[in-house]
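Have a look at the structure below, then the notes.
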Amino acid sequence: MSAPTAKSDALSKERLRLWLRMLRVTRQVEAALREKLRLEFDSTLPRFDVMAALYRDREGLKMNELSKRLRVSNGNVTGIVDRLAEDGLVERIAIEGDRRATRVRLTSSGCDAFTVMAEAHEGWVNELLDGVDAEDAHHIGELLHRLPADTGARP
């Protein structure tokens, strides 16, 4: 490995500053969304994420598929799904031929509740990013697509 040049050192420092800015903004937006979900829907961001994944897959997902999609442990998903089931927002369906596996899907009440939450969530994100116009949002999105989608690291 060769010694860093002034140019590569400056690029490295600029990338580090970019990462810290992205992290700060992400944390601020996430904190605001968590608070709004808690106050307006007595819900959590992980619960919203589980419902969003199930909303996208209307036939439902196996628990291990759900945890892979959300990049969290099976144990984390199980607790959230248990509470959603108690609230009547999801149902567990036995998978024929596999007694150990179950498929989880939103109930009609779960779909209705998620639709309302998702509309509010979109509005909150829109408000939180108010200083970003459509052209800038598109440009930032394009720039972020250049970054590696998956570094192989798992949470």
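Residue numbering for the sequence shown follows the UniProt record's numbering, starting at 1 and increasing by one per position.
Ideal placement from N, C-alpha and C gives every residue a C-beta, glycine not left out.
Note that the structure is a prediction, hence the values are computed from the model and not measured.
_Rounded C-alpha distance that separates Q28 from D9_ = If you number the sequence shown from 1, residue 28 lands on position 28. If you number the sequence shown from 1, residue 9 lands on position 9. Approximately 29 Å between the Cα atoms of the pair.
*In this structure, what does DSSP give as the bridge partners for A149?*
To locate residue 149, count along the sequence shown from 1; it is residue 149. None, per the DSSP bridge assignment.
*Look at the alpha carbon of R15 and the alpha carbon of M22, and state the distance between them as a whole number of angstroms.*
Walking along the sequence shown from the start, residue 15 turns up at place 15. Walking along the sequence shown from the start, residue 22 turns up at place 22. In a straight line, the C-alpha of R15 is about 10 Å away from that of M22.
*So who's on the other strand from K62, going by DSSP bridges?*
On the sequence shown, residue 62 is found 62 positions in, with the first residue counted as 1. Paired residue(s): R103.
*For G141, count neighbouring Cβ atoms within 10 angstroms of its own Cβ and tell me buried if that reaches 16, exposed if not.*
Counted from its first residue, the sequence shown places residue 141 at position 141. Its Cβ having fewer than 16 others within 10 Å, G141 is exposed.
*From S109, A32, A101, pick the residue whose C-alpha is nearest to that of L89; which is it?*
Position 89 of the sequence shown, counting from 1, holds the residue named residue 89. Ranking the options by Cα distance to L89, first place goes to S109.
_CA-to-CA distance, M51 to K7, given in whole angstroms_ = To locate residue 7, count along the sequence shown from 1; it is residue 7. To locate residue 51, count along the sequence shown from 1; it is residue 51. Rounded to whole angstroms, the separation of the alpha carbons of M51 and K7 is 46 Å.
*Please report the residue range of the beta strand (DSSP E) in which V50 lies.*
Against the sequence shown, residue 50 aligns to sequence position 50. It is not in any beta strand (DSSP E) - V50 instead sits in the alpha helix (DSSP H) that spans 45 to 56.
_With H, G and I counted as helix, E and B as strand and the rest as coil, what does DSSP make of P133?_
What you label residue 133 is simply residue 133 of the sequence shown in a count that begins at 1. Inspection of the sequence shows that residue 133 is occupied by Asp rather than by Pro. D133 sits in coil when the DSSP states are folded into three classes, being neither helix nor strand.
*Considering E96, what are the terminal residues of the beta strand (DSSP E) in which it resides?*
In the sequence shown, counting from the first residue as 1, residue 96 sits at position 96. For E96, there is no enclosing beta strand (DSSP E), as DSSP gives it neither H nor E.
_Can you tell me whether V72 is helix, strand or coil according to DSSP?_
Residue 72 sits at position 72 when you count from the first residue of the sequence shown. Coil.
*Report yes if the CB atom of T115 is closer than 8 Å to the CB atom of M63, and no otherwise.*
To locate residue 115, count along the sequence shown from 1; it is residue 115. To locate residue 63, count along the sequence shown from 1; it is residue 63. Going by C-beta atoms, T115 is not nearer than 8 Å to M63.
*Could you spell out where the alpha helix (DSSP H) holding G110 opens and where it closes?*
As a first step, residue 110 must be located in the sequence shown, where it is residue number 110. Residues 108 to 128.
_Distance check for H139 and L18, CA to CA, integer angstroms please._
As a first step, residue 18 is located in the sequence shown; it is residue number 18 there, counting from the start. As a first step, residue 139 is located in the sequence shown; it is residue number 139 there, counting from the start. C-alpha separation (whole angstroms): 15 Å.
_In whole angstroms, give me the CA-to-CA distance for D49 and S12._
In the sequence shown, the residue the question calls residue 49 occupies position 49. In the sequence shown, the residue the question calls residue 12 occupies position 12. Taking the straight line from one Cα to the other gives about 33 Å.
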